[in-house]
Each structure stands twice: as C-alpha cells, then as structure tokens.
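Residue numbers (my numbering): 93 to 274. Report on the structure given below.
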Amino acid sequence: VPRPKLPGHRVVARVTLDVAVRREFDYLVPAELESSVHEGTRVKVPFGPREVMGVVTKVLDESPHGNLREIIKTVGGQTLVTPPILRLVRWIADYYCCAPEVAMKAVLPDAVRKEAKGWRERLFVRALPVHGELPKLTKRQTDLWNIVEEWHELPLQELVRLAGTTSSTIRKLEDKGLVSIA
Numbered sequence: 093v094p095r096p097k098l099p100g101h102r103v104v105a106r107v108t109l110d111v112a113v114r115r116e117f118d119y120l121v122p123a124e125l126e127s128s129v130h131e132g133t134r135v136k137v138p139f140g141p142r143e144v145m146g147v148v149t150k151v152l153d154e155s156p157h158g159n160l161r162e163i164i165k166t167v168g169g170q171t172l173v174t175p176p177i178l179r180l181v182r183w184i185a186d187y188y189c190c191a192p193e194v195a196m197k198a199v200l201p202d203a204v205r206k207e208a209k210g211w212r213e214r215l216f217v218r219a220l221p222v223h224g225e226l227p228k229l230t231k232r233q234t235d236l237w238n239i240v241e242e243w244h245e246l247p248l249q250e251l252v253r254l255a256g257t258t259s260s261t262i263r264k265l266e267d268k269g270l271v272s273i274a
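This is the structure in structure tokens:
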C-alpha cells in the first residue's frame, strides 16, 4: 500500500544486518527505492567503511536516530523473507534471547541472506497473443513458437533444453513480439 508522502518526508527502513551486532539499524529509503522496499526485502547497506547485506524488518515513517545513511540497493527481484518468516525470526530471538541476526541466520539459507554469485532469477517465456498472421520465421523459430504456444508459459532454461537451442534464438521471438521473457 503506497504511503502518503509529506513534503520533505523520508521513509525509514529498520534492517537486521548479516553481521554480529546484536541489534537492528535504521536506514533512509532513497526515493527511487520506496516502491520496492517493504518488510522482508533484502538490501545492501553501508555499515562503517563496508557494505553489508540485511533484511528489512519494518518500514517506519520516522526514526528516533539522527544522521541516517541510505540503503544502497535492493537485492533479488522477489521477497523471499515473508511476514510469517519474520514473525518466526522475532519469536526465535525473543524466546532464545538471541540477537535478531542469529535468528535470521538460523531460518534462512546463505543463498538468501547473501548476495550470492550463484543466485539466479528464473526467467519464464510466455506466449503473447498474435493478431493476424505470424511474422516471417525461420524453421527453428517456428519450432520454438509451436512449443511456447502449446505450453503457454515455461521456464527459459527448460525451453532451451526442450528445443535444443540457445536463449538468443528465443530472444529473436521476443524481438518479433511473439513472446515475453521475464
């Protein structure tokens, strides 16, 4: 739900960092990130002279602290830390009297907590409605189109495997307006 914005007002995010500090920190949310920062969003933030990963645990209208630094960026295209997981993290921290980051580490795998190089977003190929006749296609593009049209939607890597082709051939179908890849 969009928050009402007062002139000069800045949104604040409370973040549990992926370092042992035994508390959460408040960060300003840059205007360009306001629509994508909410509870459970993974973020990269400045912490001393370095940048660290963290998870937004609360979005606030203000902070009791002064001189807040800004979130550098959001990490990952989807929120993997859902409200039930955040509630579990809070419960673990309260029940076992441990720091929030310790509870977060107990609940989330490394690949979710860190900006891992092996982390990939899964792309899907979707058939788009065709109005009129198909544009001119090569034999391979026609074969690809037939698979996508039959399945309506499938993972890009699965289509590459099924069709024995490369993603660049599939991108040509996207260029012709026949499929979307997202």
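Yeah, the Cβ is synthetic: ideal placement off N, Cα and C, and Gly gets one too.
When secondary structure is reduced to three states using DSSP, Pro-141 falls in the coil class, being assigned neither helix nor strand. Leaving aside the five residues that flank Val-104 on each side, the residues in its chain whose CB is nearer than 8 angstroms to its CB run, in chain order, Asp-118, Tyr-119, Leu-120, Val-121, Val-151, Leu-152, Asp-153, Glu-154, Ser-155 and Leu-160. According to DSSP, residue pairing for Ile-273 in a beta bridge involves Val-217. Between Ala-123 and Asn-238, the alpha-carbon positions lie close to 43 angstroms from each other. Distance between Ala-255 and Thr-261, taken at the CA atoms: about 10 angstroms. Under the Cβ criterion (8 angstroms, minimum of three pairs), the stretch 263-273 counts as touching the stretch 231-245.
Cβ atoms of Ser-272 and Leu-200 stay farther apart than 8 angstroms, at about 31 angstroms. Counting of Cβ neighbours within 10 angstroms places Gly-158 among the exposed residues, the total staying below 16.
With a contact defined as Cβ atoms closer than 8 angstroms, Val-147 and Gly-132 qualify at about 7 angstroms. Judged by DSSP in its simplified three-state form, Arg-134 adopts strand. Residue state for Lys-231 is assigned as helix, using DSSP reduced to three classes.
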